[in-house]
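Notes to accompany the following structure.
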Amino acid sequence: MSGTDRAKGEDQADWTGALARARSHAPFLADALDKQPELGGLLAAGKLDAAMTLARAAGHGEPEAGAALRRERLALALTLGIADLAGALPLAQVMHELSTFADRALDTAIRDAVAQRTPGADFAGFAGIALGKQGAEELNYSSDIDPILLFDPMTLPHRAREEAGEAAQRIARTVVQTLSARTELGYVFRVDLRLRPASEISPLAISLLGAISHYESSALAWERAAYIRARAAAGDVAMGQAVLDTVPPFVWRRSLDFGAIAEIAALTVRIREHYAAGQQVGPGFDLKRGRGG
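Numbering (this note's numbering), first residue to last: 303 to 595.
Here it is as structure tokens:
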């Protein structure tokens, strides 16, 4: 979005109406306004840039990473929600801002988890691959995130009496706890790790060689589909990107046999049948899983 387009949106924004609608019909936003009066004042005055700056700094000074991220998430959701209702920001910009925060939150949680176990060590060897809406930078206000957590046993810092793989699983559990724990400020993100390779039997964090071996030898059609929007988003991004650079032949096959085509068709049918009850537009329509969701 150009600066001119955004300026036009802000000039024509209905800040007063947006705040009134939020207080009357959006309990989450109304509660956030009560908790953050300074931010509400900036929005009432139409000072979007100042409100965004304040929202991004909402967690500064919090010693605990999860608490800092929850404060920032609440402030950012309020700012973007009111700006969205006011017509000051287009949908694409709102999704971009939410996705950028998700990247930053995942990165913070990963680095904090590693630092807790190995204080003072140089960070390396643990990455978060964003999939789905986060990977495509299309998150909405209620989206969860579906990362794949990868580690390199050769470079991941770990304690003297533990294996790198053991350290990686403890780091992964801490990352999930940091982002998904609920307090009076809510949570940062719901985290779903079921898109990782062989999730029913695999650990939470996957080694580089384990991931590459799986994708080259036994991955399913839905796993190829998941990687269409994959992006190295957090942690050791260079390491994550190196993995993504190896998988294009797996994701974008040069040729498809009849078996592969049938597998894709069957996947589509299963998705539609699973959510068939929410496909009809009208009362009960599932906005997330229904057609177009």
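Backbone N, C-alpha and C define an ideal beta-carbon position, used for all residues, glycine too. Predicted, not measured: the structure shown is a model, and the values here were computed from it.
Here's the rule: buried if 16 or more other CB atoms are within 10 angstroms of the residue's CB, otherwise exposed. What is D424? Residue burial is scored here from C-beta neighbours: D424 has fewer than 16 other C-beta atoms within 10 angstroms and is therefore classed as exposed.
Determine the extent of the alpha helix (DSSP H) in which G434 is found, giving its start and end residues. Start and end: G434 to G437.
Are the stretch 546-554 and the stretch 503-522 touching, with three or more C-beta to C-beta distances below 8 Å? Because the criterion of three Cβ pairs below 8 Å is met, the stretch 546-554 and the stretch 503-522 touch.
By how many angstroms is the C-alpha of L433 removed from the C-alpha of I530? Rounded to whole angstroms, I530 and L433 show a C-alpha spacing of 8 Å.
Locate the beta strand (DSSP E) running through L451, then write down its first and last residues. Annotation: the continuous beta strand (DSSP E) that includes L451 extends over I450 to F453.
Beta carbon of G361, beta carbon of A370: below 7 Å? Yes, Cβ-Cβ distance for G361 and A370 is below 7 Å.
I'd like to know whether the C-beta atoms of L458 and A513 end up nearer to each other than 7 Å. No, Cβ-Cβ distance for L458 and A513 is not below 7 Å.
Label S444 either buried or exposed according to how many other C-beta atoms from any shown protein chain fall within 10 Å of its C-beta, with 16 as the threshold for buried. In summary, S444 is exposed, with fewer than 16 beta-carbon neighbours lying within 10 Å of its beta-carbon over all protein chains present.
For I503, three-class secondary structure by DSSP: Residue state, collapsed to three classes: coil.
Straight-line Cα distance separating R419 from R472: Here the alpha carbons of R419 and R472 stand approximately 9 Å from one another.
Using a Cβ-Cβ cut-off of 8 Å (strictly less than) and excluding sequence neighbours within five positions of A352, which residues of its own chain qualify? Excluding positions up to five away in sequence, the list reads L344.
Going by the beta-carbon positions, is the gap between G368 and T480 smaller than 7 Å? Pairing G368 with T480 gives a Cβ-Cβ distance under 7 Å.
If you follow the beta strand (DSSP E) that G488 is in, where does it begin and where does it stop? Per DSSP, G488 lies in no beta strand (DSSP E) segment and is marked neither H nor E.
Measuring alpha carbon to alpha carbon, tell me which of G342, G537, D386 and A390 ends up nearest A470. Looking at G342, G537, D386 and A390, the one whose alpha-carbon comes closest to that of A470 is G537.
Please tell me whether A535 and D405 are closer than 7 Å, where the distance is taken between their beta carbons. Against a cut-off of 7 Å, the Cβ pair of D405 and A535 comes out as a contact.
E399 versus A544 - alpha carbon distance: For E399 and A544, the gap between their C-alpha atoms comes out near 26 Å.
If R358 sits next to L378, beta carbons under 8 Å apart, how far is it from one beta carbon to the other, in whole angstroms? At roughly 7 Å, the Cβ-Cβ gap stays under 8 Å, so R358 and L378 are in contact.
What is the rounded straight-line gap between the Cα of G430 and the Cα of G542? Each residue's alpha carbon lies about 7 Å from the other.
Three-state class that DSSP yields for A429 in the structure shown: In the three-state DSSP reduction, A429 falls in the strand class (E or B).
So for S445, helix, strand or coil by DSSP? Reduced to three states, the DSSP call for S445 is coil.
What's the C-alpha gap between M251 and K337? Given a span of 303 to 595 for the chain in the structure shown, any question on residue 251 remains unanswerable.
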